[in-house]
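A quick write-up on the structure given underneath.
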Amino acid sequence: MHIESFFMKLRTLDQANVSGKRVLVRCGFDVAMDEEGRILDDARIRECIPTIEYLISHNAKVILCGHNGRPKGKIVKRLSMNTVAERLEQLLGRKVLKLDESIGPDIEKAAFALKDQEVLVLENLRFHAEEEANDPAFAKSLASLAELYVDEAFANIHRDHASMTGVTAFVPAYAGFRLQKEIEMLTKVVQKPEHPFVAVIGGAKISDKIKVIKKMLEVADYVLLGGALANTILKAQGISVGKSLVEDEMISIAKDLTLIDNRLRVPVDVVTAKAIEKNVPTTAKAVARVQDDEYILDIGKDTVNLYEMIVKKAKMIVWGGPMGYFEIKEFAKGTCEIARMIGQSDAFSVVGGGDTIEALDQSGYKENISFISTGGGAMLQFLQGSKLPALEAVTEK
Ligand code: ADP
Ligand code: MG
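Okay, here's the thing in structure tokens:
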């Protein structure tokens with residue numbers, strides 16, 4: 016389906032009659048936790064709150080479900096939804112009922128006993144292998160709890176799992192407010208870009224992002240590359256990148272890209288080191304001067320300046336992927352500078368990706384970004400126009 020039609024034909028929550036109904040909401044409860052299971056960042060939980068509050072204020076009986084981490088069909092205590100339920104109680108300012116299962120007789124009993132405005136939280140769906148396997152019986156049990164289904168898990172929209180697609184065979188499905196907003200904003204980027212439109216793409220693997228780079232070359236005026244994925248392009252251009260992370264199997268595709276498109280920009284200078292560790296001596300140099308025993312770990316000052324000249328003129332910017340190995344302070348500068356220049360720009364800006372958002376957080380420019388997507392892989396897949404069955408499930412045919 017054409018991207019624009021998703022937004023046009025999205026079945027949104029405001030179209031549903033939820034009063035007195037049991038409504039199953041698939042939430043994005045996949046939050047970062049520490050070893051003890053304490054929540055490090057509750058942004059994804061907070062993004063679900065408007066939809067939950069809407070349901071409460073419209074007298075629905077609210078059943079919340081989601082997954083956390085990759086327990087792979089096993090019960091992993093640290094990944095229990097107990098802490099999520101506690102956080103929900105704080106955020107909603109009301110009691111939340113939490114059980115230790117996501118399907119079965121106890122859950123059915125609790126769901127059918129819910130009164131209007133009450134909230135029930137199910138256990139981590141991925142404690143059952145049937146969730147990721149999209150097992151129809153599991154999906155049916157989950158769906159049997161409710162009369163309506165709301166998808167509020169954009170970060171998971173590229174997953175064909177029981178709680179994302181399977182359930183929608185059994186109950187009418189709607190898009191929650193946050194999901195609606197994500198689709199609206201990302202549709203705007205690909206369908207109605209304001210020019211100059213600049214895409215900044217970095218991160219680890221070009222194989223993950225090659226399709227989105229190609230898509231952006233269709234719609235954007237400039238595509239600025241950085242991070243490890245730029246190494247593969249540099250190598251394809253015949254530049255020696257030393258010990259840098261490269262995906263050799265992508266070289267021929269990378270060659271095709273650079274030959275056809277002068278809107279694609281790669282770093283002209285870089286920061287290198289002989290090891291990827293803290294406090295290591297670093298060198299700034301032109302890309303042509305990278306030695307055989309060096310790693311490219313950040314973009315250089317000249318590249319930052321060149322990119323800034325382009326970013327400064329932009330009316331619309333999308334950014335995904337750090338410009339360097341930002342986890343180590345010595346190689347975080349390029350990424351911080353990109354965050355700064357996008358933050359300082361008046362352009363409509365969209366940023367996504369787990370690591371990118373972490374870097375953005377550290378930069379202090381988060382508040383200046385027009386829209387921060389909750390989905391990393393999901394955002395990329397949407398932007399590149401992949402078929403997303405979970406999205407089709409909440410879209411009019
Ligand atoms: P996002 O999560 O924002 O989509 P990715 O997961 O694609 O981003 O990429 C982030 C990772 O890429 C980070 O762990 C970062 O250290 C790594 N990275 C970026 N540049 C380099 C580089 N030059 N060499 C090695 N790793 C890099
Ligand atoms: Mg990542």
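The sequence shown lines up with residues 16 to 412 when you count with the numbering used here. All residues carry an ideal CB built from backbone N, CA and C; glycine is no exception.
Problem - Contacting residues, own chain, Cβ-Cβ under 6 Å from Lys327 (five flanking each side not counted) - result: none
Problem - Runs of beta strand (DSSP E) wholly within the stretch 203-275 (minimum 3 residues, chain order) - result: 212-216, 237-240
Problem - Same chain, Cβ closer than 6 Å to Thr66, five either side skipped, listed in chain order - result: Glu167, Gly191, Phe192
Practice task
Give the single residue among Gln306, Arg102, His82 whose Cα lies nearest to the Cα of Glu145.
Solution key: His82
Practice task
Confirm the yes/no value for this check: CB of Lys220, any heavy atom of the ligand ATP, distance under 7 Å.
Solution key: The model on display carries the ligand ADP and the ligand MG but not the ligand ATP.
Problem - Bridge partner(s) assigned by DSSP for Val40 - result: Leu79, Val165
Handout entry: Cβ separation of Cys63 and Gly84, assumed to be a contact under 8 Å, to the nearest whole Å
Key = Not a contact, Cβ separation roughly 18 Å.
Handout entry: Range of the contiguous alpha helix (DSSP H) that encloses Thr287
Key = Segment 284-288 is the beta strand (DSSP E) holding Thr287; no alpha helix (DSSP H) there.
Exercise for the section: Kindly examine the ligand ADP and report whether one of its heavy atoms sits closer than 7 Å to the Cβ of Ala413. Expected result: Beyond the ends of the chain as shown, which are 16 and 412, falls residue 413; an answer cannot be given.
Practice task
Report yes if the CB atom of Tyr340 is closer than 8 Å to the CB atom of Leu239, and no otherwise.
Solution key: no
Handout entry: Assigned exposure category for Phe127 - 16 Cβ within 10 Å defines buried
Key = exposed
Exercise for the section: Would you decide whether Asn246 is buried or exposed? Buried here means 16 or more other CB atoms lie within 10 Å of its CB. Expected result: buried
Practice task
Please classify Gly367: does DSSP put it in a helix, a strand, or coil?
Solution key: strand
Practice task
Give me the Cα-Cα distance between Ile90 and His143, rounded to the nearest whole angstrom.
Solution key: 8 Å
Exercise for the section: Please report the residue range of the beta strand (DSSP E) in which Gly335 lies. Expected result: 331-335
Handout entry: Coarse secondary structure for Asp308, derived from DSSP in three states
Key = Note: Asp308 maps to coil in three-state DSSP.
Exercise for the section: For the stretch 277-287 and the stretch 261-269, state whether three or more C-beta atom pairs, one from each stretch, are separated by less than 8 Å. Expected result: Because the criterion of three Cβ pairs below 8 Å is not met, the stretch 277-287 and the stretch 261-269 do not touch.
Problem - Per DSSP, the bridge partner or partners of Val281 - result: Assignment of beta-bridge partners to Val281 by DSSP yields no partner.
Problem - Span of the alpha helix (DSSP H), counted from its first residue to its last, around Tyr322 - result: 316-328
Exercise for the section: Report the three-state DSSP secondary structure of Ala125 (helix, strand or coil). Expected result: helix
Practice task
Kindly indicate which residue of Asp45, Val134, Leu107, Pro187 has the alpha-carbon position closest to the one of Ala31.
Solution key: Pro187
Handout entry: Beta-carbon gap between Ser388 and Val409 smaller than 8 Å
Key = no
Practice task
In the DSSP assignment, find the beta strand (DSSP E) that holds Tyr451 and state where it starts and stops.
Solution key: Nothing can be reported for residue 451: it is not among the residues displayed for the chain, which extend from 16 to 412.
Exercise for the section: For the stretch 344-406, list the alpha helix (DSSP H) runs that are entirely contained and at least 4 residues long, ordered along the chain. Expected result: Counting whole runs of 4 or more residues, the stretch 344-406 contains the alpha helix (DSSP H) stretches 348-359, 369-378, 392-398.
Problem - Sub-8 Å separation of Tyr164 and Leu39 beta-carbons - result: yes
Problem - Simplified DSSP state of Thr180, which is helix, strand or coil - result: If DSSP states are grouped into helix, strand and coil, Thr180 belongs with coil.
Exercise for the section: With DSSP as the reference, label Ala152 as helix, strand or coil. Expected result: helix
Handout entry: Three-state secondary structure (DSSP) of Lys300
Key = strand
Exercise for the section: Examine the ligand ADP and report whether any of its heavy atoms sits within less than 7 Å of the Cβ of Gly391. Expected result: yes
Practice task
Output yes or no for whether 8 Å exceeds the beta carbon distance between Leu194 and Leu137.
Solution key: no
Handout entry: Assigned exposure category for Met16 - 16 Cβ within 10 Å defines buried
Key = Reliability of the predicted coordinates at Met16 is poor, the pLDDT of 45 falling under 50, and the value obtained from them is presented with this limitation in mind. Counting of Cβ neighbours within 10 angstroms places Met16 among the exposed residues, the total staying below 16.
Practice task
Ignore the nearest five residues each way along the sequence and tell me which others in Ser259's own chain have a CB closer than 6 Å to its CB.
Solution key: Asn246, Tyr310, Ile311
Exercise for the section: Check whether the Cβ atoms of Lys224 and Gly400 lie closer than 8 Å to each other. Expected result: no
Problem - Cutoff 7 Å; reference Asp236; Cβ partners in own chain excluding five residues on either side - result: His210, Pro211, Phe212, Val213, Arg278
Practice task
Give a yes or no on whether the C-beta atoms belonging to Ala154 and Ala125 are separated by under 8 Å.
Solution key: Result no, Cβ atoms of Ala154 and Ala125 do not sit closer than 8 Å.
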